[in-house]
Amino acid sequence: MKTIHRETWKRAKHFDYFRKLDMPHFCTTANVDITRFRVWCKENGFPFFLTITYLASRVANEMPEFRYRIRGDEVIEHEVAHPSYTIMTDEGVFDYLTAPHHPDLAIFIQVAHELTVEAKKQVRLVDGVDRDDVLYFTSMPWVSFTSFMHPISLSPVDSIPRIAWGKYFEENGLVKMPLSVQAHHALMDGEHVGRYFLLFQKYLDNMDSCINY
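For the sequence shown, position 100 matches number 100 in the UniProt record's numbering, and the numbering has no gaps at all.
Here's what the structure looks like:
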């Protein structure tokens, strides 16, 4: 973890402006093409949900802005941010689970699967809520949504990015899935979110390039 020096940070003025707003988060939703990704997962035996979770975390960790966090009057950058995602428990209600980010897809899925099996046994709603070196993920597989908004805390400030994906659907011979990215505007702009979508799509189209590096 390191501190971002605001004296030399090119976004210092944007930070001071947006942090004063009552609702400083912004959210962008767009469809991504998962046609090749679905085939790749089936051919290689990888589960869809955890592979998407890995990919969402992988792309975010490649962009410093998604690892920035606001702490009081300071901005810090984590070396790595870990996926904290929702799961359905055996009781029929959701819970939070934080899995350690790992660059190796197979290792990440193995660890995340083991944690998920154990976490489904009880509802705690505490995992990942007392730390900011995380990325919040959720899925809504029942709806091909066109917009999405997450609940946030305004006091103390919540600057953790939130990413969601919905029910995939077919359109003009392609399989598409809604993807939503919510972030604190004091830490990033539409350009950064746009680059997130572009890199996400790049890996969806060629997962071999994502895991072989």
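We treat Cβ as the ideally placed atom computed from N, Cα and C, and that holds for glycine.
Among the options, which has the Cα closest to the Cα of residue i?
i, options, result
"K2", "K121, G92 and I76", "I76"
"H82", "L154, E74, Y136 and Y196", "Y136"
"V39", "F66, R195, K202 and V175", "V175"
"L55", "V111, I87 and H101", "H101"
"N31", "L105, K10 and F145", "F145"
"I109", "S155, G45 and L50", "L50"
"S155", "K20, M63 and K202", "K20"
"V143", "R11, F197, L179 and M63", "L179"
"I52", "N44, M63 and I34", "I34"
"residue 254", "P47, R67, N44 and G72", "Any answer about residue 254 is impossible in this case: the structure gives the chain only from 1 up to 213."
"residue 251", "H78, G45, P47 and N172", "No statement about residue 251 is possible, as the shown extent of the chain runs from 1 to 213 and does not include it."
"Y85", "G173, T138, D22 and E170", "T138"
"residue 214", "A183, S209 and E171", "Look at the range of the chain in this structure, 1 to 213, and you will see that residue 214 is not part of it."
If you run the structure through DSSP and keep just helix, strand and coil, what is residue i?
i, result
"V80", "coil"
"Y213", "Bear in mind that a pLDDT of 45 at Y213, under 50, signals an unreliable position, so the model cannot answer this."
"K42", "helix"
"I70", "strand"
"D130", "coil"
"K2", "strand"
"F145", "coil"
"T98", "strand"
"Y196", "helix"
"I87", "strand"
"V75", "strand"
"E62", "coil"
Give me, in chain order, the residues of the same chain whose beta-carbon lies closer than 7 Å to that of residue i; leave out the 5 immediate sequence neighbours on both sides.
i, result
"Y213", "For Y213, the predicted model reports a pLDDT of 45, less than 50, meaning its position is unreliable and no value from the coordinates is stated."
"I152", "H25 and D158"
"E74", "T3"
"M188", "E65"
"T116", "I87 and L97"
"I211", "L105"
"D94", "This sequence places Phe at residue 94; Asp is not what is there. Contacts found: T86, I87 and M88."
So what does residue i bridge to, in DSSP terms?
i, result
"N206", "Looking at the DSSP assignment, N206 forms no beta bridge with any residue, so it has no partner."
"R162", "Y136 and Q182"
"N31", "P178"
"V93", "Paired residue(s): none; V93 is not in a bridge."
"H25", "H184"
Once you ignore the five residues that flank residue i on each side, which residues in its own chain have a CB closer than 6 Å to its CB?
i, result
"H185", "F18, P24 and F26"
"T28", "V181 and V193"
"Q122", "none"
"R69", "I76, D132 and S159"
"S147", "T29"
"residue 248", "Examination of residue 248 is not possible in this model, given that the chain is present from 1 through 213 alone."
Who are the near neighbours of residue i in its chain, counting only those whose CB is closer than 8 Å to its CB and skipping five residues on each side?
i, result
"N206", "R36"
"F200", "V32, L55, A56, V59 and L179"
"F48", "R38 and C41"
"V111", "A99, P100 and H102"
"V80", "N61, R67, H101 and D133"
"Y196", "V59, A60, M63, F66 and V181"
Give the C-beta separation of residue i and residue j to the nearest angstrom, bearing in mind that I take them to be a contact with Cβ-Cβ under 8 Å.
i, j, result
"M140", "A119", "So it is not a contact: roughly 19 Å between Cβ atoms."
"V59", "Y203", "7 Å"
"G166", "M177", "7 Å"
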